[in-house]
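Position 16 of the sequence shown, counted from 1, bears residue number 16 in full-length UniProt numbering, the numbering being contiguous throughout.
Worksheet for the structure shown next.
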Amino acid sequence: MTTTDISHRSGFLAQGNVYLPHLAVIKKIIDETCDTKTFHLNFKDDKLQGEFTFNSGQFALFSVFGIGEAPFAISSSPTRSDHLEITVRRVGRVTNALHRLGVNAEVGFRGPYGNGFPLDLLSGKNLVFIGGGIGLSPLRSLICNVIDNRDKYKKIDIIYGARTPTDLCLKYDLE
């Protein structure tokens, strides 16, 4: 078996078999809607937790052991790095298994993957974010990053809707 250095990936310092997941622990669960939850996670390895970086717009593969693995957008911002967040709608085998897990349960993490949003190209511009229902989750990382670096951008508008008010996710961020 060969090992690969994947430290080029957004500064994520990981060496070893890229197919083996890192262990993450669920620290908090927020019920967003009747079928959607946000999971706050920390890596079990403190060194990895301290070194982990990602870009807004990247995703990762999360696994529930014995069930499977699925990709989810990282919904937390790299500017707020004390934990990692994903927002998950219950629609399939892996997402149903994630929803059955509780605080302190362990999940697998592989990533981050993708290039993320080109923040340098957005600097000095007016920004409009449009999302619906759970579609706000992948944008949340970028929105929080932009807000945390407010001086780099002009006007910021967020257009967000859902079928019903009870289907709105991340309401606490919108208030």
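By construction, the Cβ of each residue, glycine as well, lies at the ideal position given by its N, Cα and C atoms.
Nothing here was measured: the structure is a model prediction, and the numbers come from that model.
A residue is called buried once 16 or more other Cβ atoms fall within 10 Å of its Cβ, and T166, having fewer, is exposed.
Of I147, F129, D148, the smallest CA-CA separation from L139 is found for F129.
DSSP links R89 through a beta bridge to T36. Nearest in C-alpha terms to A105, of all of K44, D173, D35, E175, is K44. Your pair P21 and G108 checks out as a contact, with CB atoms roughly 3 Å apart and the cut at 8 Å. By the Cβ test, the region 117-126 is not in contact with the region 87-101, since fewer than three Cβ pairs between them sit closer than 8 Å. Under the DSSP assignment, I147 falls in the alpha helix (DSSP H) whose first and last residues are 136-148. Here K28 has H40 as same chain residues with Cβ atoms under 6 Å from its own Cβ, once five neighbours each way along the sequence are excluded. Between K152 and the set I26, L122, C34, the nearest pair of CA atoms involves L122. Taking the Cα positions, K37 is about 31 Å away from D120. One Cα belongs to H83, the other to V64, and the distance between them is close to 19 Å. Cβ-Cβ distances below 8 Å link K154 to G124, K125, N126, L127 in the same chain, with the five nearest sequence neighbours on each side left out; the list follows chain order. Boundaries around L122 are those of the alpha helix (DSSP H), 119-122, since no beta strand (DSSP E) includes it.
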